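Heads up, the thing below is written out as structure tokens.
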């Protein structure tokens, strides 16, 4: 969460999507010198005319000052500007932190000619260090001048901390003969666990939707995406997902049953899923992308708790780093979840190959065949706990010595 | 949990206590070839006359076959023999596992002339591999012949897996002019999290106590000791703590209010605490012993959940490995615990030095002074969450690249 990465994740995508322009939306990224030298670390999204907005935030009991700010302004449902800095989370900064977000919002008001409550703020980076926003006035004015409709990738790069690649995704969909789009970006590579399971994500659509519909759709869509991934079981103080509809003067759809909302909702789910997978694949030190599917649980909530118990087991995650199909550690993690599970009906598969069935090693288990599967970079683990019909799916990555190295050296 | 360690923990004790003889108690360790070559891996404790017994076990929903066995025979309250093997946990071994414990108990019945329900069995090592106990008959007979009153350290070594040193502790206490003792041993270095927070521990006293009194005292004493430590948040399928009173034909104390029980209880608490600390200090890859004290919580249970949230945070544990007093990660871990906490009254100390107070960095914070504290091998973290009077203390170790190396290579 802050140190500049030295090498790109082996799980990085080979190409990045080109996020096309959305009418009335301009972006910029500038060098504000928050922490890093010689890189852009302050980014803005500007809406020429008010956008509607929805947000989902960390459930931490110690949220950052920007999270408090966004929660406070969100009920107005209007947005004109988003300000994001990397390098400092402005978290656990007391009264100073509150002053800093006020100062940043005032600077935006001045630079962009909007109201303070139309400004959304997010910060990511080190926790506990005061954030000096005294230069934000100058930098935001500068950003306002530079902002353009093709600034998406520039911003996706400026919000990175320990991320090794920018995370972007988009979908298009048709409503009444017109093509709309959702552009999304995210950052996050560590301190990732629901809820919310990413540090920061910003999404903009040109489909005109009212804030309350937007909020309902976002709240629903984060569960199987950002809230179903974990890098290290640690939850950030700063997690923020903001979804904007760039109305650009148009009348928004207010009815959740409108045919267009269904298509928008599907596209939103896909963009969030893609971004969530990009976050997992950039997990600090990750060499494996792991999908855990639990079935046969008492209910979906129980399945989810078992799935996260497996996903967060350091012993299983290190085993997978070592390309070892160590199903004993899956048994351990099922056992420690404290949820109903029938040890003697438990079955476990790695990559579709059954390694254990009815509470013991599968008769057909073949070490060589399983080892070949463990060499892949996407590992599917399927577990049936044999007591009911509840199921859940979550994603994580392996735990490597590189994760330790990144996080042992972080502040220095 | 199984591979032979190559170097001793830097936190290992400089000397080992010499556990003195207890009348009527003999021990032995032999080479049974369960997994390791050229080392003893099967140990026994033999009571010349029936001992009373108490036990506490893993709360895993997938307990091992030996745990099931011990739970079944425990209500009889009588023990004549304890059989422990390392190298294979006989966990998740289905019907075969049940047959194996039966076979082992029958072999003990034959070798030692006791009843099957007077035999206690514990196994530690790999999960999911069938354990072949066909040779146990011969090995137990051999052990019976070799058993002696000074076999304590030999057994403490034979039950080691990834442990880098044997774990032993004792206390003596006086009751009515006579000196009694408690001898204890433990093994465990990973997959350590309540409840129970160790793999295996065996304790024997010559103070004559009835099983139900013994059980009450043990159940109480494990909470602030074995149940207050975590190496890696993972809970074993095999955790077993057994406490025996070697009656050796004497009448046991049946009244929990007996003056001697109070002294016994104090000594028991001390032995368990010492063993629990030895387990933490041998945590896989550990270089730091960490004590976390949480105060100001709504109640003790809430304080304990916050303390474990801190103790199990991979990000905090890696920071400490890097000798970084990263209090931001303590804030994060408090926040993610989901328990009542007042961010703006939160204070945090490392080694008695206040680094954060009232929700922000302490004015007197001095990086250099704090860095010096982080170089110690025992790190005390004190947190006050500012909402009430509940407190709790737990212990853990740091998370290092060595932990990953040990566990990524485990089965190979």
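Residue numbers (the working numbering), protein chains in the order written: chain C, 309 to 720; chain P, 309 to 720. Idealized CB from N, CA, C, for every residue including glycine. Quick caveat, the model's predicted, so the values are computed rather than measured.
Neighbour flag for residue i against chain C, beta carbons, 7 Å
i: residue 695 of chain P; result: no
i: residue 282 of chain P; result: Since the first and last residues shown for chain P are 309 and 720, residue 282 of chain P lies out of range.
i: residue 322 of chain P; result: no
i: residue 435 of chain P; result: yes
i: residue 629 of chain P; result: yes
i: residue 626 of chain P; result: yes
i: residue 729 of chain P; result: Residue 729 of chain P cannot be examined here, being either before or after the span of chain P that is shown, 309 to 720.
Burial state of residue i, where buried means 16 or more other Cβ atoms lie within 10 Å
i: residue 316 of chain C; result: exposed
i: residue 374 of chain P; result: buried
i: residue 408 of chain C; result: buried
i: residue 513 of chain C; result: buried
i: residue 437 of chain P; result: buried
i: residue 686 of chain P; result: exposed
i: residue 678 of chain P; result: buried
i: residue 674 of chain C; result: exposed
i: residue 331 of chain C; result: exposed
i: residue 647 of chain P; result: buried
i: residue 346 of chain P; result: exposed
i: residue 369 of chain P; result: buried
i: residue 708 of chain P; result: buried
i: residue 487 of chain C; result: exposed
Residue i at chain P interface by Cβ criterion, 7 Å
i: residue 709 of chain C; result: yes
i: residue 635 of chain C; result: yes
i: residue 742 of chain C; result: The structure shown has nothing for residue 742 of chain C, since chain C only spans 309 to 720.
i: residue 400 of chain C; result: yes
i: residue 667 of chain C; result: yes
i: residue 684 of chain C; result: no
i: residue 716 of chain C; result: yes
i: residue 610 of chain C; result: no
i: residue 662 of chain C; result: no
i: residue 638 of chain C; result: no
i: residue 691 of chain C; result: no
i: residue 678 of chain C; result: no
i: residue 643 of chain C; result: yes
i: residue 579 of chain C; result: no
i: residue 712 of chain C; result: yes
Residues of its chain near residue i, where Cβ-Cβ distance is below 6 Å and the 5 sequence neighbours each way are ignored
i: residue 600 of chain P; result: 615, 618, 619, 689 and 702
i: residue 530 of chain C; result: 364
i: residue 710 of chain C; result: 593
i: residue 429 of chain P; result: 374, 377, 391, 409 and 412
i: residue 572 of chain P; result: 515
i: residue 558 of chain P; result: 516
i: residue 495 of chain P; result: 467, 468, 471, 507 and 508
i: residue 479 of chain C; result: 490, 575, 578 and 579
Beta-carbon contacts of residue i that lie in its chain and below 7 Å, excluding the five residues immediately before and after
i: residue 458 of chain P; result: 329
i: residue 362 of chain P; result: 519, 522, 523, 526 and 551
i: residue 393 of chain C; result: 340, 342, 349, 350 and 431
i: residue 651 of chain C; result: 667
i: residue 696 of chain C; result: 604, 605, 606 and 607
i: residue 397 of chain C; result: 372, 431, 432, 433, 434, 435, 545 and 546
i: residue 700 of chain P; result: 602, 608, 611, 612 and 615
Close Cβ partners of residue i (< 8 Å) along its chain, the five nearest in sequence each way excluded
i: residue 460 of chain C; result: 327, 335, 476, 491 and 493
i: residue 417 of chain P; result: 423, 424 and 427
i: residue 389 of chain C; result: 352, 353, 354, 355, 416, 420, 422, 426, 427 and 428
i: residue 483 of chain P; result: 515, 567, 568, 571 and 572
i: residue 597 of chain P; result: 319, 585, 588, 589, 685, 686, 687, 703 and 705
Alpha helix (DSSP H) runs wholly inside the region 605-653 of chain P, at least 4 long, in chain order = 608-619, 622-629 and 635-644
Check distances from the C-beta atoms of the region 382-400 of chain P to those of chain C and list, in chain order, the residues that come in under 9 Å.
-> 397, 399 and 400
Residues of the region 645-657 of chain C with a CB closer than 8 Å to any CB of chain P: list them in chain order, please.
-> 645, 646, 647, 648, 649, 651, 652 and 654
Within 7 Å of chain C by C-beta, residues of the region 407-420 of chain P in sequence order = none
Residues in the region 441-461 of chain C having any Cβ partner in chain P nearer than 9 Å = none
Counting only runs that start and end within the region 516-583 of chain C, where is the alpha helix (DSSP H) found for 4 or more residues in a row?
-> 519-530
Taking Cβ-Cβ distances below 8 Å as the criterion, which residues of the region 584-609 of chain P are in contact with chain C?
-> none
Quick one: complete beta strand (DSSP E) runs, 3+ long, within the region 355-384 of chain C?
-> none
Closer than 8 Å, Cβ to any Cβ of chain P: which residues of the region 356-384 of chain C, in chain order?
-> 366, 367, 368, 369, 370 and 371
At a Cβ cut of 8 Å, what residues of the region 520-533 of chain C count as close to chain P, listed as they run along the chain?
-> none
Just list the alpha helix (DSSP H) runs in the region 389-457 of chain C, keeping only unbroken ones of 4 residues or longer that don't cross its boundaries, in chain order.
-> 402-420 and 444-454
What residue ranges within the region 660-718 of chain C form continuous beta strand (DSSP E) runs of no fewer than 3 residues, ordered along the chain?
-> 661-665, 686-692 and 698-705
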